[in-house]
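Encoded as structure tokens, the structure appears first; notes follow it.
In my numbering, the protein residues as written are 20 to 134.
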């Protein structure tokens, strides 16, 4: 069974920072494209950022220049560093692993940006 375990969500003030982490197995991490998606109430799930095994990255337009995705190969972990957070960044953030038609999701972690 594939497991993606997220951590790092919470409440932060506008302009603040958070770092999300997603840990998975070595097999998944070494093969799959890893990414972060988010879903706010009443909205569709959207891509935040993803990263290939070769560390090529892709970002959603709304987070470019503020968020950074990275991977720690020795820890089977993908990170999402979120800076200059805005209230509209509030959502449940999901870790994703994708390879071909295989597509796995974590349970999600809540991020709330509010004063």
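Cβ atoms here follow ideal geometry from the backbone N, Cα and C, with glycine treated the same way.
If you're wondering where the values come from, they're calculated on a predicted model, not measured in any experiment.
Subject >> Cα-Cα separation, residue 4 to residue 113 >> reply: Nothing can be reported for residue 4, as the shown portion of the chain is limited to 20 through 134.
Go ahead and pull the three-state DSSP assignment for residue 120. coil
Exercise. Are the Cβ atoms of residue 39 and residue 54 separated by less than 8 Å?
Worked result: Result no, Cβ atoms of residue 39 and residue 54 do not sit closer than 8 Å.
Margin query: The alpha helix (DSSP H) that contains residue 46, what's its start and end?
Written below: Looking at the DSSP string, the run of the alpha helix (DSSP H) that includes residue 46 is 45 to 50.
* **Buried versus exposed call for residue 11 [16 or more other C-beta atoms within 10 Å across all chains shown]** => Because the chain in this structure spans residues 20 to 134, residue 11 falls outside the shown range and cannot be described.
Distance, Cα to Cα, residue 109 vs residue 103? C-alpha separation (whole angstroms): 12 Å.
Could you work out which residue in 121, 57, 119, 45 is closest to residue 93 when comparing CA atoms only? 45
Worksheet entry | Residue environment, residue 128, which counts as buried when at least 16 other CB atoms sit within 10 Å | Buried is the call here.
In the structure shown, what three-state DSSP assignment does residue 74 receive?
The answer is coil: DSSP assigns residue 74 none of H, G, I, E or B.
Margin query: Judging by CA-CA distance, which residue of 22, 23, 31, 47 is the nearest neighbour of residue 134?
Written below: 31
**Message:** Do residue 50 and residue 76 have their beta-carbon atoms positioned less than 8 Å apart in this structure?
**Reply:** no
ask   = Secondary structure at residue 136, three-state DSSP: helix, strand or coil?
value = Lying outside 20 to 134, the shown extent of the chain, residue 136 is not represented and no answer is given.
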